[in-house]
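Residue numbers (the numbering used here): 601 to 738. The structure appears right after this line, and notes come after that.
If you want it as structure tokens, here you go:
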């Protein structure tokens, strides 16, 4: 059962910590928290870890920053719906290039958000998705 939805526009990690604490206090038997973006998920993961609930309260998030990828790898977050920001840029740029060179242009590009889970984060498929999410640091 969905117990509560919270407005999270412009939420920082510290604000997410407050909201997650309040949520877990009001609903101590909660099974999972979904954060609409990295800060919400990171804050919730911090609270779950602090309360000793890692593995008891699942955290799923959208986006896929290096911070949330690291939390996924250590098991603090169980899943990330990855927004392929880099991949979208590559795909869009390819379509512009195609248009300029007279090649075939795809009119509609799907905005997919593949789910990467903690148990699959090191798989070749997950690594391919993660590479399309955030610019490499080197």
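Yeah, the Cβ is synthetic: ideal placement off N, Cα and C, and Gly gets one too.
Item	Value
At which residue ranges does the region 653–682 contain complete alpha helix (DSSP H) runs of 4 or more residues, listed in the order of the chain?	666–673
Given a cut-off of 9 Å, decide if residue 713 and residue 750 are closer than it, judged by their beta-carbon atoms.	The displayed coordinates of the chain run from 601 to 738. Any statement about residue 750 would go beyond what the structure contains.
Just to confirm my understanding: we take residue 717, look at its own chain, exclude 5 residues before and 5 after, and list those with CB closer than 7 Å. What are they?	678 and 679
Could you check the C-alpha separation between residue 657 and residue 697 for me, to the nearest Å?	46 Å
Determine which residues share a DSSP beta bridge with residue 692 and list them.	None; residue 692 has no bridge partner.
From the DSSP output, in three-state form, read off residue 612 for me.	coil
Considering only their Cβ atoms, is the gap separating residue 635 from residue 643 smaller than 9 Å?	yes
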